[in-house]
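J.: The structure's right below; bear with me while I get my questions together.
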Amino acid sequence: MMLHIPKVLNAEQLRAVRAKLEAAPWVDGRISAGYQGARVKDNRQLPEDGQLARELADLILGALERNPLFISGTLPNRVYPPMFNRYENGMTFGDHVDNGIRMLPGSGLKIRTDVSATLFLNPPEDYDGGELRIEDTYGSQSVKLPAGDLIVYPASSVHRVTPVTRGARLASFFWVQSMVRDDAQRRLLFDLDQAVQRLTATGADASALLRLTGSYHNLLRMWGET
Ligand code: NI
481 MMLHIPKVLN AEQLRAVRAK LEAAPWVDGR ISAGYQGARV KDNRQLPEDG QLARELADLI
541 LGALERNPLF ISGTLPNRVY PPMFNRYENG MTFGDHVDNG IRMLPGSGLK IRTDVSATLF
601 LNPPEDYDGG ELRIEDTYGS QSVKLPAGDL IVYPASSVHR VTPVTRGARL ASFFWVQSMV
661 RDDAQRRLLF DLDQAVQRLT ATGADASALL RLTGSYHNLL RMWGET
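Quick note on numbering: the working numbering labels position 103 of the sequence shown as 583, and the sequence is numbered without any gaps.
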């Protein structure tokens, strides 16, 4: 399931993040790519172990923890600390699939990448190109969102970033290990959760709501892992 989550960061947070990224020590993005990815990747990234990267990652993780749509749509078990990239001067990232398992930096813990996420940090008017193209069962989806908006999509899908031909594209990217590994099951739970919330808000029959809410939690119990 592909899900657009608007306004994960507010205008003030975006200004602070962008100001810090202006003076950031960008390095070649191939440092974090796997064997296949490195051949098609041409961008800049912040080194993961730097003080600035950690500070900005914490800000985003804090925003994600408070975002009900992110929680409902990804059912996060572990979230990889957000990383940062910059594309300009024709930079691009060709077709690739993200690594299935990643080591969480500095912990020895591993994370299974069920969901990939891109958080757009500057407005689409700032650059030409730089679209995230995701191949899914309905064909190729093209994604270029307002600053502060997040797209989440199955990490199993082939995706790319088209060349940035004017200006610069700033984004954060990360992965989620979900409590529910299967994308179709996650989607079902998301739809059920959204329907229950809507019925609650519109004052539906309480005993029917209780049964539906119970079904949600019992499916989560059946499919979830912690
Ligand atoms: Ni990728």
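We put the CB at the ideal spot given by N, CA and C, even for glycine.
A quick note: this is a predicted structure, and the numbers were derived from the prediction, not measured.
Rank Arg510, Val497 and Gly517 by C-alpha distance to the C-alpha of Arg534 and give the top, closest one.
T.: Taking only the C-alpha atoms, the option nearest Arg534 is Val497.
J.: From the DSSP output, which residues share a beta bridge with Asp522?
T.: Partner(s): Thr572.
J.: If you draw a straight line from the alpha carbon of Asn490 to that of Leu539, how long is it in whole angstroms?
T.: Going from the Cα of Asn490 to the Cα of Leu539 covers about 11 Å.
J.: Asn579 and Leu650: beta carbons closer than 8 Å?
T.: Contact: no.
J.: Going along the chain, which residues of its own chain have a beta-carbon closer than 6 Å to the beta-carbon of Asp629, five neighbours each way excluded?
T.: Hits under 6 Å: Pro486 and Phe600.
J.: List the endpoints of the continuous beta strand (DSSP E) containing Gly647.
T.: Taken as a continuous stretch (DSSP letters only), the beta strand (DSSP E) holding Gly647 covers Val644 to Ser658.
J.: Would Asp606 pass as a contact of Pro634 if the rule is Cβ separation under 8 Å?
T.: Cβ atoms of Asp606 and Pro634: not closer than 8 Å.
J.: Closer than 7 Å: is that where the CB of Leu484 sits relative to any heavy atom of the ligand NI?
T.: The sequence given here places His at residue 484; Leu does not occur at that position. No.
J.: Exposed or buried, what is Val507 when buried is set at 16 or more other beta-carbons lying within 10 Å of its beta-carbon?
T.: By the neighbour-count rule (16 or more Cβ atoms within 10 Å), Val507 is not buried but exposed.
J.: For the ligand NI, any of its heavy atoms closer than 7 Å to the Cβ of Ser596?
T.: Checking the Cβ of Ser596 against the ligand NI gives yes.
J.: Between which two residues does the alpha helix (DSSP H) carrying Pro548 extend?
T.: Pro548 to Thr554 is the extent of the alpha helix (DSSP H) around Pro548.
J.: The ligand NI and His576: does the residue's C-beta get closer than 7 Å to at least one heavy atom of that ligand?
T.: It does: the Cβ of His576 is within 7 Å (strictly closer) of some heavy atom of the ligand NI.
J.: Helix, strand or coil, according to DSSP, for Lys624 in the structure here?
T.: Note: Lys624 maps to coil in three-state DSSP.
J.: Within 7 Å: the Cβ of His697 and any heavy atom of the ligand NI?
T.: Checking the Cβ of His697 against the ligand NI gives no.
J.: Report the residue ranges of all alpha helix (DSSP H) runs contained in full by the region 485-534; include only those spanning at least 4 residues, in chain order.
T.: With a minimum length of 4 residues, the continuous alpha helix (DSSP H) runs that stay inside the region 485-534 are 491-502 and 515-520.
J.: Would you say Ala597 reaches chain C, if we count a Cβ-Cβ gap shorter than 8 Å as a contact?
T.: Of the protein chains in the structure, only one exists, and it is not chain C.
J.: Indicate whether Val656 and Asp594 have their beta-carbon atoms separated by less than 8 Å.
T.: The answer is yes: Cβ separation under 8 Å.
J.: For Gly609, which of Leu555, Phe653 and Arg646 has the nearest alpha-carbon?
T.: When only C-alpha atoms are compared, the closest one is Arg646.
J.: With which residues is Asn565 paired in a DSSP beta bridge?
T.: Per DSSP, Gln525 and Ala651.
J.: Name the two residues that bound the continuous beta strand (DSSP E) containing Ala681.
T.: Not the beta strand (DSSP E): Ala681 falls in the alpha helix (DSSP H), residues Asp663 to Ala681.
J.: Report the residue from Leu549, Phe654, Arg592 and Lys624 whose alpha carbon sits nearest the alpha carbon of Ala675.
T.: Per the Cα distances, Leu549.
J.: Could you tell me which residues DSSP puts in a beta bridge with Glu615?
T.: Bridge partners of Glu615: Ser620.
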